[in-house]
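Protein chains: 2
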Amino acid sequence: MIKLAVDVMGGDKAPAEILAGAVTFARNNKDTKLILVGIDEAFKDIEIPENCSVVRTEDYLPMDVKPTEALRRKKSTMYTSCRLVKDKEADGVVSAGNTGALLSCATFVVGRIKGIERPTLAVPIPTEKGFSILADAGANIDVKSSVIAQFGIMAVEYAKVMGIENPTVGLLNVGTEQNKGTQREKGAFTLLENIFKEQFLGNIEGNDINKGVVDVIVSDGFAGNVAMKTMEGVAKLISNMIKSEAKKNILGAIGALLMYKTFRNLKKKIDPRMYGGTFFIGVNGVVVKAHGNSDRIAIYNALKVAKNGVKNRLPEKIKEALENVRNSRDSGD
Amino acid sequence: MIKLAVDVMGGDKAPAEILAGAVTFARNNKDTKLILVGIDEAFKDIEIPENCSVVRTEDYLPMDVKPTEALRRKKSTMYTSCRLVKDKEADGVVSAGNTGALLSCATFVVGRIKGIERPTLAVPIPTEKGFSILADAGANIDVKSSVIAQFGIMAVEYAKVMGIENPTVGLLNVGTEQNKGTQREKGAFTLLENIFKEQFLGNIEGNDINKGVVDVIVSDGFAGNVAMKTMEGVAKLISNMIKSEAKKNILGAIGALLMYKTFRNLKKKIDPRMYGGTFFIGVNGVVVKAHGNSDRIAIYNALKVAKNGVKNRLPEKIKEALENVRNSRDSGD
Chain A
1 MIKLAVDVMG
11 GDKAPAEILA
21 GAVTFARNNK
31 DTKLILVGID
41 EAFKDIEIPE
51 NCSVVRTEDY
61 LPMDVKPTEA
71 LRRKKSTMYT
81 SCRLVKDKEA
91 DGVVSAGNTG
101 ALLSCATFVV
111 GRIKGIERPT
121 LAVPIPTEKG
131 FSILADAGAN
141 IDVKSSVIAQ
151 FGIMAVEYAK
161 VMGIENPTVG
171 LLNVGTEQNK
181 GTQREKGAFT
191 LLENIFKEQF
201 LGNIEGNDIN
211 KGVVDVIVSD
221 GFAGNVAMKT
231 MEGVAKLISN
241 MIKSEAKKNI
251 LGAIGALLMY
261 KTFRNLKKKI
271 DPRMYGGTFF
281 IGVNGVVVKA
291 HGNSDRIAIY
301 NALKVAKNGV
311 KNRLPEKIKE
321 ALENVRNSRD
331 SGD
Chain B
1 MIKLAVDVMG
11 GDKAPAEILA
21 GAVTFARNNK
31 DTKLILVGID
41 EAFKDIEIPE
51 NCSVVRTEDY
61 LPMDVKPTEA
71 LRRKKSTMYT
81 SCRLVKDKEA
91 DGVVSAGNTG
101 ALLSCATFVV
111 GRIKGIERPT
121 LAVPIPTEKG
131 FSILADAGAN
141 IDVKSSVIAQ
151 FGIMAVEYAK
161 VMGIENPTVG
171 LLNVGTEQNK
181 GTQREKGAFT
191 LLENIFKEQF
201 LGNIEGNDIN
211 KGVVDVIVSD
221 GFAGNVAMKT
231 MEGVAKLISN
241 MIKSEAKKNI
251 LGAIGALLMY
261 KTFRNLKKKI
271 DPRMYGGTFF
281 IGVNGVVVKA
291 HGNSDRIAIY
301 NALKVAKNGV
311 KNRLPEKIKE
321 ALENVRNSRD
331 SGD
């Protein structure tokens, strides 16, 4: 049976929406056990399904907590949830709490996979063809070429778990030619080419991301974070512009009404809640960061994603992939 | 009289569309003289307005030319156009040719403003409030903190020329707290704070760009380029999704028809052609890079922008601003 810990107190809408999402998920997934980690008050007036257990603790982290503080407050719901994974009492954890805090707990409580220099925050990005995986989305800035290459190894396994066969890989850069970018990108290009051979399609530019020209986009966390958040901003801008433009003339307003379904489908496709949070991969367990603003739908989807990661043995797959790269290097392949 | 050189041979649609845009601009702007720089054949069957002169040369650069080659081919239309600015025969130049080549010609032929470490590619970005200026958009990657601070000085003058009074400045980063980013961003934060005082609003994130929270966004060219191109990609994705979703149901299709005007206005607002190219600022003259794919409308707007830059004495304003910063530093202000 798959066991997932839920940080009931993490997120802007905690605990009510977190619990609502978790309880519904538990009812619909009898093959999964949820361990709900919260403070005592959170569980008042809540009917707990059979396949849930409750862990009560005294402390929880505010949304603006510092990562170092997160590691000191060992009785927090977030720390406790990660501890359950470390102790093999849970296979994975879902939290909508502070990103930096969760990354610290994942790295230092759950623990890194041996050989992984930096675990990575990998996010699914909507594209013309479906979705791609972007890593790193901001957990690691100013990293070495070898770290970017490892982002690729991890994200490819993630993409496979999400159902993409033989994922292609691209390096986010300022041009498509091989000699583009800083020393970091030039070094990463060579490493990625050696690891992925013809699966590596070379450099891609910002405007290629949403075209879906590659399944996996690797990048230093600075540019990756800027790309991810810029997408969010542009989508918002366009949606607001359509609304205000449509209001300016009656035909536009009627048109917008008729296009209700179109816009709803579009929103669904680019709604981050539907992607159910992002994997923090490279640690010895499945760690899913749900958006800080998560409601019950987002938490439900985050749990779905986490379950999928456990079922498909994502951490083990990464260990194996790392081993394969090491072996092929040692054999001079 | 304002004099602008036009690289007739630069761009995917050169020379026909470049000439068409230039000729129309000349007809509508009798106070401006255009110097059309092209090869002999380009001017066949073209009626040249009175306020245009023609400079014929033998060579022109292909769109995939290397920057170093651009500097060697001194008889190219691009090099010759820049040379006219250097020799004070033109106040500015517009080219839709290769970006790297134009940057090289601008820097080494037109020449840097004294004290400017790196001239910058500054682009107007559509926002909820109108537009903001992003610098650097990809001309300079992996720069020092002091260079980013200079991007701010230059882009602020650009924003003023575009009609923004007391422009506010933000540093593109992976979080809003002061200690975010690499050493480069941390250093740039301190410098920008010293230069701009309360005009500097601190760090901004990718999703703040299109909100228009600041008038000027400064960034290393790597992240700036990724942000700019990602915007283009998302806008394309959403537009394609709307089209294909609308086709799926009859109400959506009718709605889309009724919203024709709405979409047209929206497109106008986010169409890069309407912004008329980007300034390459920090050199001793007005250099405008039009999009490689420019048609006559884009060239017309690029010329409008260039004229505006000359009229408002953008290069001189940057010299003055640089002088002011130097003086205020020397006086220990």
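For the record, the sequence lines run as chains A and B. Under full-length UniProt numbering, think of the first position of the first sequence as 1, with each following residue one higher. Under full-length UniProt numbering, think of the first position of the second sequence as 1, with each following residue one higher. A virtual CB, placed ideally from N, CA and C, is assigned to each residue, including glycine. In this text the structure is predicted, and so the values were computed from the model without any measurement.
*Residues bridged to residue 287 of chain A by DSSP?*
A/93 and A/280
*Who are the neighbours of residue 254 of chain B on chain A, taking C-beta pairs under 8 Å?*
255 and 258
*Where do the N-terminal and C-terminal ends of the alpha helix (DSSP H) with residue 72 of chain A fall, by residue?*
67 to 72
*Taking only beta-carbon positions, decide if residue 261 of chain A is within less than 8 Å of chain B.*
yes
_Bounding residues of the alpha helix (DSSP H) (the contiguous stretch that carries residue 81 of chain B)_ = 77 to 86
*Name, please, each residue of chain A whose Cβ falls closer than 8 Å to the Cβ of residue 174 of chain B.*
138, 141, 221, 222, 225 and 226
*In terms of residues, what are the limits of the alpha helix (DSSP H) holding residue 315 of chain B?*
314 to 330
*asked:* Using 8 Å for Cβ pairs, my map puts residue 277 of chain A next to residue 113 of chain A. What's the rounded Cβ distance?
replied: Not a contact, Cβ separation roughly 20 Å.
_Please confirm whether residue 297 of chain A has its beta-carbon closer than 8 Å to some beta-carbon of chain B._
no
*Can you give the Cα-Cα distance for residue 336 of chain A and residue 309 of chain A, rounded to whole angstroms?*
Shown here, chain A extends from 1 to 333; a query on residue 336 of chain A therefore has no answer.
_Can you tell me whether residue 150 of chain A is buried or exposed? The criterion is at least 16 other CB atoms within 10 Å of its CB, across all chains shown._
buried
*Given that residue 211 of chain A touches chain B, what residues does it touch there, using C-beta distances under 9 Å?*
233, 236 and 237
*Does the distance from the C-beta atom of residue 141 of chain A to that of residue 182 of chain B stay below 8 Å?*
yes
*Look at the alpha carbon of residue 279 of chain A and the alpha carbon of residue 317 of chain A, and state the distance between them as a whole number of angstroms.*
14 Å
*Would you say residue 208 of chain A reaches chain B, if we count a Cβ-Cβ gap shorter than 8 Å as a contact?*
yes
_Contacting residues, own chain, Cβ-Cβ under 6 Å from residue 81 of chain B (five flanking each side not counted)_ = 5, 7, 37 and 93
*Whole angstroms is fine: what's the gap from residue 208 of chain B's alpha carbon to residue 189 of chain A's?*
30 Å
*residue 362 of chain A: first and last residue of the uninterrupted beta strand (DSSP E) it sits in*: The structure shown does not extend to residue 362 of chain A, since chain A is modelled only from 1 to 333, so the question has no answer here.
*Using the Cα positions of residue 247 of chain A and residue 43 of chain B, report the straight-line distance between them to the nearest angstrom.*
47 Å
*Buried or exposed: residue 102 of chain A, going by 16 or more other Cβ atoms within 10 Å of its Cβ?*
buried
*Could you tell me whether the region 198 to 213 of chain B touches the region 159 to 177 of chain B, where touching means 3 or more Cβ pairs closer than 8 Å?*
yes
*Mind listing the chain B neighbours of residue 101 of chain A? Cutoff is C-beta to C-beta under 9 Å, in chain order.*
Simply none; closest approach about 13 Å.
*State the start and end residues of the unbroken alpha helix (DSSP H) segment that holds residue 99 of chain B.*
99 to 105
*C-alpha gap between residue 269 of chain A and residue 320 of chain A, whole angstroms*: 32 Å
*Mind reading off the beta-carbon distance from residue 120 of chain B to residue 154 of chain B? Whole number of angstroms is fine, and I expect it under 8 Å.*
6 Å
*In chain B, what lies closer than 7 Å to residue 245 of chain A by C-beta?*
262, 265 and 266
_Could you tell me which whole alpha helix (DSSP H) segments of length 4 or greater appear in the region 140 to 219 of chain B?_
145 to 161, 183 to 196 and 206 to 209
*asked:* DSSP three-state label for residue 3 of chain A, please.
replied: strand
*Extent of the continuous alpha helix (DSSP H) to which residue 35 of chain B belongs*: That residue, residue 35 of chain B, is in no alpha helix (DSSP H); its beta strand (DSSP E) goes 32 to 38.
*Which one of B/18, B/196, B/172 and B/194 has the shortest CA to CA distance from residue 185 of chain B?*
B/172
*Can you tell me whether residue 129 of chain A is buried or exposed, with buried defined as 16 or more other CB within 10 angstroms of its CB?*
exposed
*Under 7 Å between beta-carbons, which chain A residues line up against residue 128 of chain B? List them in chain order, please.*
237 and 240
*Where does residue 30 of chain B land, buried or exposed, given buried means 16+ other C-beta within 10 angstroms?*
exposed
*residue 206 of chain B to residue 57 of chain B, Cα distance in whole Å?*
44 Å
*According to DSSP, is residue 61 of chain A helix, strand or coil?*
coil
*Please state whether DSSP places residue 53 of chain A in a helix, a strand or coil.*
strand
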